[in-house]
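Below you'll find the structure, written out as structure tokens, and then a few comments.
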Amino acid sequence: MVASFASSSCLSAATCIEEASARCRTVFPCRDYDLSATLTSGQAFRWNCRDAGWEGVIDARWVRLTSGADGIVAETASPGGDWAWLKGWLRVEENLAEILATFPDDQPMRAATTACRGLRLLRQDPWECLASFILSSTKQIVQIRQIVALLCERFGEPLDVPPGREPQYSFPTPERIATATEAGLRACKMGFRAPYLLAASRMIAGGELDLGALSAFSIADARARLMELPGVGRKVADCVLLFAYGFQEAFPVDVWVMKALRRLYFPRRRVAPKRLQRFTATYFGPYSGYAQQYLFHYMRVHRRADD
DNA sequence: AACCAGGACACAA
DNA sequence: TTGTGTCATGGT
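So the first sequence is numbered by this note's numbering: it starts at 2 and just counts up by one.
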């Protein structure tokens, strides 16, 4: 920032600061976008609420998001350029009402969409998403957040942040993690997931799997390629397909969604997991992944003692 | 203080 | 194909 001031041709310092500030701030007009629900719904793990806004890291940028009257206000620590990167990440141009209209018109979905109004899906970086979900197995979201934070601190690159903020780090590349040791990764509290992450990062750094190529694949082919990675089963693969690649019909079934499906659609009946998976592929429509996210968040927000 | 968490994997039957 | 034990770690 200081360097850019010095090299600019501004006539006055005040004008210069104003212009720099403008380049670090923008508004995305949109409605029905609940930042809080979206950023705490277990798809992204690097966001913290501060001063009535949400602060996190996207790619190599510190970002602060707040909900304004006109839409979402975004602030960055360095100029945001054309902002296409953030518009795409937030998926602000997606028509949520049209998506909700495709959901089955049943009591559970009505309850979930009413309770979680404004919940959105993001389009995240495939590697960060993949690595995060390799680390997610049988972990609570709060713990995943801690593991990811430690991983970024230890192996990421320091980023520009506004004055007074804690230091922030980029999500480490597969190449960087590939050079780590299993012990170094275990020090980030990821336990038995460390060898999975290490082996997966080495396969990607070594070119055995090109994550960028998967977006052109069919969902079945992309899923099959992801599942060749150690630590990646059906559930983790579906999370990456849905949260990073935008395959709207990917339907990750974790313990919460499994509980929701059994309770809401097959009460007091024993149903095989495979049959439930088949049910999800047909019942929830073309945006079933979105429906899944509503069920997941609804179950977690309204968790009951009765299990 | 047990129980569980956005699971995957090797192995058994 | 479906079921079971195992793998770390810490929140609730």
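Glycine included, C-beta positions come from ideal geometry on N, C-alpha and C. Remember, predicted model here, so these are calculated numbers, not experimental data.
Cβ neighbours of L212 within its own chain (closer than 8 Å, five residues either side excluded): P127, W128, L131, I205. For L40, the enclosing alpha helix (DSSP H) stretches over residues 36-40. When secondary structure is reduced to three states using DSSP, Y284 falls in the helix class.
Distance from K275 to V254 at the Cβ level is roughly 11 Å; contact not present, criterion being Cβ atoms closer than 8 Å. Rounded to whole angstroms, Q169 and G234 show a C-alpha spacing of 31 Å. Taking the Cα positions, A245 is about 15 Å away from S42.
Put simply, of R26, L97, G72 the residue whose alpha carbon is nearest the alpha carbon of V64 is R26. One Cα belongs to A21, the other to G82, and the distance between them is close to 11 Å. Taking 8 Å as the cut-off, the beta carbon of D35 is found no closer than this to the beta carbon of L97. Residue nearest to M191 within the set G207, F172, L151 is L151 (criterion: CA-CA distance).
Within the model, the alpha-carbon separation for C117 versus F104 is close to 14 Å. Within the same chain, and ignoring the five residues on either side of E167 in sequence, no residue has its Cβ closer than 6 Å to its Cβ. Taking the CA atoms as reference points, D239 sits about 31 Å from R51.
Rounded to whole angstroms, the Cβ separation of L215 and R226 is 6 Å, and the two are in contact under 8 Å. Secondary structure of V64 (DSSP, three-state): strand. The Cβ atoms of R92 and L66 lie no closer than 8 Å to each other. Note on geometry: alpha-carbon atoms of Q125 and E229 lie some 21 Å from one another. Each of E19, Y197, V143 was checked against the Cα of F46, and the nearest Cα belongs to V143. Separation of the CB atoms of L210 and L199 is rounded to 15 Å, and the pair is thereby denied contact status at 8 Å.
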